[in-house]
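Enquirer:
Number of protein chains: 2
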Amino acid sequence: MNTKYASEWIYCVSEFLPDDLALNGNRFMLGNGYMGVRGTLEEHGENELAGVMLNGGYDQVPGRWREPVNAPNGLFTVVDGAGEIVRHEQRLDLRRGRMARETEYENVTVESERFVSMANVHLMGLKYSSTRSAKTSIDSKVWNINGSHFHILETSLDEVVVKTQEQGIIIAVCSEIEPIDETSFYKYISIYTSLDCDDPVAAARENSRAAKEAGWEKVGAEHDAVWEKIWARCDVKIEGDDEAQFALRYSLYQLQLTAPRHSDRLSIPARGLSGQVYKGAVFWDTEMFMTPFFALTDPAVARNLILYRCHTLDGARRKATEYGFRGAFYAWESQETGDDFCTHFNVTDLFTDRPMRTYFRDKQIHVGADVVYAIWTYYEQTGDFSVFTDGAAEAVAECARFFHSYAYYKEDKVRYELLDVVGPDEYHERVHNNAFTNRMVKFALETAVQVLELLRERDPEFFHTLDRQFGFSEEVGSWKKMAAELYIPSPNEKGIIEQFDGYLKLEDTTPEELKTRVIKPTEYWGGGHGLATTTQVLKQADVVLMLNLFRSDYSAEVIKANWEYYEPRTEHGSSLSACAYAMVAANLGKPDWAYTYFMKTATVDLTGKSKLYLGPLYIGGTHPAANGGAWLSAVFGFAGLQINAAGITATPNLPSHWKSLKFGIEWQGKAYQIHVKPDTVRVYEA
Amino acid sequence: MNTKYASEWIYCVSEFLPDDLALNGNRFMLGNGYMGVRGTLEEHGENELAGVMLNGGYDQVPGRWREPVNAPNGLFTVVDGAGEIVRHEQRLDLRRGRMARETEYENVTVESERFVSMANVHLMGLKYSSTRSAKTSIDSKVWNINGSHFHILETSLDEVVVKTQEQGIIIAVCSEIEPIDETSFYKYISIYTSLDCDDPVAAARENSRAAKEAGWEKVGAEHDAVWEKIWARCDVKIEGDDEAQFALRYSLYQLQLTAPRHSDRLSIPARGLSGQVYKGAVFWDTEMFMTPFFALTDPAVARNLILYRCHTLDGARRKATEYGFRGAFYAWESQETGDDFCTHFNVTDLFTDRPMRTYFRDKQIHVGADVVYAIWTYYEQTGDFSVFTDGAAEAVAECARFFHSYAYYKEDKVRYELLDVVGPDEYHERVHNNAFTNRMVKFALETAVQVLELLRERDPEFFHTLDRQFGFSEEVGSWKKMAAELYIPSPNEKGIIEQFDGYLKLEDTTPEELKTRVIKPTEYWGGGHGLATTTQVLKQADVVLMLNLFRSDYSAEVIKANWEYYEPRTEHGSSLSACAYAMVAANLGKPDWAYTYFMKTATVDLTGKSKLYLGPLYIGGTHPAANGGAWLSAVFGFAGLQINAAGITATPNLPSHWKSLKFGIEWQGKAYQIHVKPDTVRVYEA
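Protein chains in written order, with the working numbering: chain A, 80 to 765; chain B, 80 to 765.
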């Protein structure tokens, strides 16, 4: 592992490797849900992928992909004639969300510390000192994957105002300098956009001014205090495994810095706030791998993530209409409106250099069911009924309506089927009756029925208003019938649940064998003619993920048989895969099988060993879903946590070298501590 | 056009071009439905693609494609030291089915004439003379695309007996020589196989002996007499267009030589008897483009073609079972058993050299409906009810059963749909609700209902026996319901019928434009990532073919709108395409639009301008479906023939330079002559 940690809270690298610039930009991320600041150095610019990504601010250069906008970089500070780097150390303090660096150039030594305030989401603080005088400014030549988004309206050393070309978003970056001595200073950088308020320039100026007035110590202390509260809620202590302890904590750090605490109009993009990869879009990753973490550690964040889906329901409705369905068809790649910004040609074929038709957008229907799953789980765990009247009931019902309109009835077999879909395993497009999708949709239909009943009972007035507007109650009968008669593939005589119709007839081979057939190293294995498409090799957990979610429906023998069947056939080409294998293995009483996958998911942003290219496309960045998956693996896997109406239980399946595992959760408005040892479990109110 | 005809019945080439060897092998075909003999010269062997293809004798070399067998070539005759060719003329007499050649080599001049007897299907005759002594024998080194099939059991100058390796078919080729003078002889060559009789060697010997005894003149006259009868039934006379006259006659010649008159266990492969291309398999081509010709000109042949499908019904049943359906799923590539010998990887990707998953086999469900269409049309035109009790009723009902088990019901839209199919336009695989397929299936379901009613009425005993065995009558209700509620795409506001769901949203471009994107000249435009797959460019008539078959369902405006819409988007990559465009255009009163397509279909085997390669695969040969299509275009297009219960009508749409069109048909057991001029129609009993 390419990490070196000075203490249990510090991540540190002590050499400067130009090849690691992109990776270290991810590893040393700072952020606060409003913005994410890449861990490049102050002197770095667009070539080094310096980035100050604004969550929810999207813009499109004509003919290119729509992507989030990087704000002008107020940290930008250079010393002329510094020379080559002689010595370098860079540290990330997870506990306080601060990055520090000390770099000896041939002709100058630079030290700095920075934070992105958790207490004031528009504020960054920089403390900078050097042995020769430095020039600090606001760099408006920012990193973009899909073209330059700015018209520069105004630029000076301490104020840059730009306007994005498609959306006309005004972004104001203002700074105040507080000199310490001739070569050292504090810099208070503020960002406001026209999405935040009517006069972002004035707001940014005032914010920096106020910060400068309060001073470095005070704004820093306020920031630290929020992080302290965050850690008090979510930290997990692993006794007996420092490496796992650090990796898990680091995962939670990365996840927390992406969380929108200040707005219910934002969610968490698949690559967090680390850049424009995947169009900065929100995927099902959030609902399946992040919301469950927040629901149990910081329900207000989970609520924001859910309300983001409620606020973007009209985009999902438009997508359903576009494809000839009713209800809501949630986007594969969702931005601020909920419209789907995934294209039908999302990958380039390396052999012909032609755009490749892919079916992420139009066939990956499980997203809506994942949203329903997140909503219901949140409600079950928090008891927060208000989420339904704030939009979630409507969203759930529109998803059910969509699924009914998507489904077909097979008279010959007396059942509903879901045809022509893409499941989590994207290497197999346009399959019929994907087990994961079908089971999730059944859950969504049942949930919709239940939510409407609940609503009618607890808030009849709201229910009737909603129903008058949308006519859901007329359709509840058809959802019930479909849920009851929807085909859910059963285990075969060997206990294997077929991933989709015909999967078991495909060529039976392994990812390792397929690698020997690769012609171009980054060729895509899916799509119309990818190597995996005609084989049983899957990109990521699919049936195993389904078994993890619905484990009470299946015997341990069946779950084990499927884990053992699918595991050697899974490429883990997605960072979402490992945690499902970890959780299921731990629950099977095989924590040592699980441990490898747990470490894989928990270290993904430390090692940087995930895929960096899909075809010719850069797909690097941070992996908040894997970060969330690390927590899920520890808590639902190794600790064996189960939460239901009856209460909280834990059935530990600790890796053999772990002495104990300790963490907190919030359930039904109360905080609990759970302390698990190999043979004992303690659950107590905190 | 690369032809030169000496008279209206003679096709002639008068130079020898080595590059034309394969084409001339096709152009100078002889045959009699039992065997097809390629028009190579006597001195040619496997390198020149000499071939004596046996209809229905299939064999497989392990690991290769199963294909028809070429028999040892009894025509093989060489003169040593002949030198280079100085002068060459080769003539095909269509009227008598004879090929003659005269070749001046540097050191010898060779003349020969040959025929493949229509009177005695096991017999070939060769008259050979040269200016120096020649050696004649039986060449057992025959042309094979997929490996050598023979074990040689016995070989001498006048007798070769071989056994095929998979099926163990014994093929005996025996010859008798009758010398004329020192350098001239007649040769009587006979072929029998163990599929024909128990002792093929004795049978072949006896057949040649008897022919020799009868003598050249007599066996030749018997052969000629059959051809004379054939032409009396099927010839079409075009006044005012010698080129069209010859091309159409030539088409009928090519088609007639493939027709199995002697057996109801054989059909006509897609490349006739010209070689092993497309595995020598029988496709839907027969039912849609050949059977209708024979049904009206030689019903006994049509009956044999239909009974071939009845005899191979069990293969179609096995295929249905293989894919999880009930009933009969007719093969895309049918050989002697009806099992499908098409593979799931039928094309090789030129960019990766990997086998390409194609869906000809598992998704082109329309074949069964095409079979039903041929059966019903045959019955309607001939009144031959016995075909139903000889197997056709069972076949029709099993097709309906299959279609019901394939279909899905869409509650939301209150209709049945046919999902995940490939229509005639194979460039778009796995589409939903292909208009052609849906309409054909509706026809098949209605026909099945009607056939069972007819059977119950006319032969109740047979009906009850059949029904006791297969239980069809229990399912008739579901077929009726499905036929009534099956989704048939309607014309949109512009009158366009969408080829399949979503077709009109695809990139709108033309074949010409696509050609500019081609990277490798023979790259496949369909499959998982072919150039046409994401565009509206279609391989061949699809909606237009449907409109041709069901023209009374649609207004002339709609038919015209679709012709005009689809025509510029059609690549005509299949030889089945042109005739559909010709027929529809003629019926729209646009015979000059039709004429180009008529000539394209009628000259396909003369020009050799069809595709020769699909990916790396040779697909050349003759085109009996296009040959049939030429007749259909003349008779149903230009003459505007309509046949229904009320009788025969014709509505001429002659090309402007045609003075008249005259042809015979047989309808309900009686022969009629139809004589069409621009303004007059005469129909009279012949």
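Here a beta-carbon is modelled for each residue, glycine too, at the ideal position from N, C-alpha and C. Small disclaimer: the values here were computed from a predicted structure and weren't measured.
#1: Under 8 Å Cβ-Cβ, which residues of chain B neighbour M435 of chain A?
#2: Measuring alpha carbon to alpha carbon, tell me which residue in B:S254, B:S634 and B:N627 is nearest A290 of chain B.
#3: Taking the alpha helix (DSSP H) that N103 of chain B falls in, what are its first and last residues?
#4: Where DSSP assigns a beta bridge to H445 of chain B, which residues make up the other side?
#5: Considering A514 of chain A, what are the terminal residues of the beta strand (DSSP E) in which it resides?
#6: Excluding sequence positions up to five away, which residues of its chain have a Cβ less than 7 Å from the Cβ of L585 of chain B?
#7: Can you pull the chain A neighbours of K489 of chain B, defined as C-beta to C-beta under 7 Å?
#8: Is P279 of chain A buried or exposed, if buried means 16 or more other CB atoms sit within 10 Å of its CB?
#9: Would you call A563 of chain B buried or exposed, if buried means 16 or more other Cβ atoms sit within 10 Å of its Cβ?
#10: What residue ranges within the region 108-190 of chain B form continuous beta strand (DSSP E) runs of no fewer than 3 residues, ordered along the chain?
#11: What residues from chain B crowd round D303 of chain A, counting only those whose CB sits closer than 9 Å?
#12: Apply the 10 Å Cβ neighbour rule to G247 of chain B and answer buried if 16 or more other Cβ atoms are within range, or exposed otherwise.
#13: Decide if E496 of chain A is buried, meaning its Cβ has at least 16 other Cβ atoms within 10 Å, or exposed.
#14: Among B:D432, B:Q443 and B:V528, which one has its Cα closest to the Cα of D364 of chain B?
#15: Let me confirm a value: E94 of chain A is counted as buried when at least 16 other C-beta atoms fall within 10 Å, else exposed. Which label applies?
#16: Determine which residues of the region 549-570 of chain B have a Cβ less than 8 Å from any Cβ of chain A, and write them out in chain order.
#17: Say whether chain A places a C-beta atom closer than 8 Å to the C-beta of I598 of chain B.
#18: C276 of chain B bridges to which residues according to DSSP?
#19: Is V187 of chain A near T156 of chain A, with beta carbons less than 8 Å apart?
#20: Pull up the distance between the alpha-carbon of N81 of chain B and that of T686 of chain B, whole angstroms please.
#21: Going straight from the alpha carbon of R174 of chain A to that of P147 of chain A, what length do you get?
#22: Is there a Cβ of chain B sitting closer than 8 Å to that of C91 of chain A, yes or no?
#23: Please name the residue or residues paired with D419 of chain B in a DSSP beta bridge.
#24: The alpha helix (DSSP H) spanning N398 of chain A covers which residue range?
#25: Cβ closer than 9 Å: which chain B residues qualify as neighbours of D428 of chain A?
#26: Within the 8 Å Cβ cut-off, does T613 of chain A reach chain B?
#27: Does the region 347-357 of chain A come close enough to the region 699-707 of chain A that 3 or more CB-CB pairs lie under 8 Å?
#28: List, in chain order, every chain B residue whose beta-carbon is nearer than 9 Å to that of H776 of chain A.
#29: Mind checking which residues open and close the beta strand (DSSP E) that includes Q721 of chain A?
#30: When you compare only the Cα positions, how much space is there between S552 of chain B and G470 of chain B?
#31: Helix, strand or coil: how does DSSP classify M80 of chain A here?
#32: Is Q752 of chain A helix, strand or coil when you go by DSSP?
#33: So K560 of chain B is in the beta strand (DSSP E); what residue range does that whole segment cover?
#34: For a test of the three-state rule: what should DSSP assign to F194 of chain A, helix, strand or coil?
#35: For L498 of chain B, which residues in chain A fall below 8 Å Cβ to Cβ?
Expert: According to the structure shown:
#1: As a first step, residue 435 of chain A is located in the first sequence; it is residue number 356 there, counting from the start. Ordered by position in chain B, the residues that pass the 8 Å Cβ test against M435 of chain A are H608.
#2: Working through the second sequence from its first residue, we reach residue 290 of chain B at position 211. Measuring from the Cα of A290 of chain B, the nearest candidate turns out to be B:S254.
#3: For the purposes of this step, residue 103 of chain B is taken as the residue at position 24 of the second sequence. Its alpha helix (DSSP H) spans residues L100 to R106.
#4: As a working mapping, residue 445 of chain B is identified with position 366 in the second sequence. As computed with DSSP, H445 of chain B is found in no beta bridge at all.
#5: Looking up residue 514 of chain A in the first sequence gives position 435. Element bounds for A514 of chain A: not the beta strand (DSSP E) but the alpha helix (DSSP H), A514 to R537.
#6: One-based indexing of the second sequence puts residue 585 of chain B at position 506. Contacts found: T613, T614 and Q615.
#7: Translated into the one-based positions of the second sequence, residue 489 of chain B becomes position 410. From the beta-carbon of K489 of chain B, the residues of chain A found nearer than 7 Å are Y487.
#8: As a first step, residue 279 of chain A must be located in the first sequence, where it is residue number 200. When all chains shown are included, P279 of chain A counts as buried.
#9: Against the second sequence, residue 563 of chain B aligns to sequence position 484. Classification of A563 of chain B: exposed, given that the 10 Å Cβ count is below 16.
#10: 114-116, 131-138, 146-149, 164-172 and 177-184
#11: The sequence position of residue 303 of chain A within the first sequence is 224, counting from 1. Counting only Cβ-Cβ distances below 9 Å, D303 of chain A has no contacts in chain B at all, with the closest Cβ about 54 Å away.
#12: Sequence index remark: in the second sequence, residue 247 of chain B carries index 168 (1-based). Exposed, since its Cβ has fewer than 16 Cβ neighbours within 10 Å.
#13: As a working note, residue 496 of chain A is residue 417 in the first sequence. The residue is buried, with at least 16 neighbouring Cβ atoms inside 10 Å.
#14: Residue 364 of chain B sits at position 285 when you count from the first residue of the second sequence. Cα-wise, what sits closest to D364 of chain B is B:Q443.
#15: The residue given as residue 94 of chain A occupies position 15 in the first sequence. Exposed, since its Cβ has fewer than 16 Cβ neighbours within 10 Å.
#16: S557
#17: Stepping through the second sequence from its first residue, residue 598 of chain B is reached at position 519. It does: the Cβ of I598 of chain B has a partner Cβ on chain A nearer than 8 Å.
#18: Within the second sequence, the letter at position 197 stands for residue 276 of chain B. C276 of chain B is not bridged to any residue.
#19: Translated into the one-based positions of the first sequence, residue 187 of chain A becomes position 108. Translated into the one-based positions of the first sequence, residue 156 of chain A becomes position 77. Contact: no.
#20: The sequence position of residue 81 of chain B within the second sequence is 2, counting from 1. The sequence position of residue 686 of chain B within the second sequence is 607, counting from 1. Confidence at N81 of chain B is low in this model, with a pLDDT of 43, below 50, so the placement of that residue should be treated as unreliable; the coordinate-derived value is given next. The straight-line gap from Cα to Cα measures roughly 6 Å.
#21: Sequence index remark: in the first sequence, residue 174 of chain A carries index 95 (1-based). Sequence index remark: in the first sequence, residue 147 of chain A carries index 68 (1-based). Cα to Cα, the separation comes out at about 28 Å.
#22: Walking along the first sequence from the start, residue 91 of chain A turns up at place 12. No - not a single Cβ of chain B is within 8 Å of the one on C91 of chain A.
#23: Position 340 of the second sequence, counting from 1, holds the residue named residue 419 of chain B. Beta-bridge pairing links D419 of chain B to B:S413.
#24: Numbered from 1 along the first sequence, position 319 holds the residue referred to as residue 398 of chain A. Strictly speaking, residue 398 of chain A in this sequence is Lys, with Asn absent from that position. Segment L392 to E401, the alpha helix (DSSP H) holding K398 of chain A.
#25: Here residue 428 of chain A is taken as the residue at index 349 of the first sequence, counted from 1. Chain B residues near D428 of chain A: F430 and H608.
#26: Counted from its first residue, the first sequence places residue 613 of chain A at position 534. With 8 Å as the cut-off, T613 of chain A counts as an interface residue toward chain B.
#27: yes
#28: Outside the modelled stretch of chain A, which goes from 80 to 765, sits residue 776 of chain A, for which no answer is possible.
#29: Along the first sequence, read from residue 1 onward, the residue named residue 721 of chain A stands at position 642. For Q721 of chain A, the enclosing beta strand (DSSP E) has its first and last residue at L720 to N723.
#30: Stepping through the second sequence from its first residue, residue 552 of chain B is reached at position 473. Stepping through the second sequence from its first residue, residue 470 of chain B is reached at position 391. Going by the C-alpha atoms only, they are around 17 Å apart.
#31: Your numbering for residue 80 of chain A matches position 1 in the first sequence. Because M80 of chain A carries a pLDDT of 36, less than 50, the predicted location of this residue cannot be relied on, and the following value inherits that uncertainty. Note: M80 of chain A maps to coil in three-state DSSP.
#32: On the first sequence, position 673 is the one that residue 752 of chain A refers to. Strand at Q752 of chain A.
#33: Reading the second sequence from its first residue, position 481 is the one you call residue 560 of chain B. Per DSSP, K560 of chain B belongs to no beta strand (DSSP E); it is in the alpha helix (DSSP H), V555 to E564.
#34: Along the first sequence, one-based indexing puts residue 194 of chain A at 115. Note: F194 of chain A maps to strand in three-state DSSP.
#35: Looking up residue 498 of chain B in the second sequence gives position 419. Correct list: Y487, L498 and D499.
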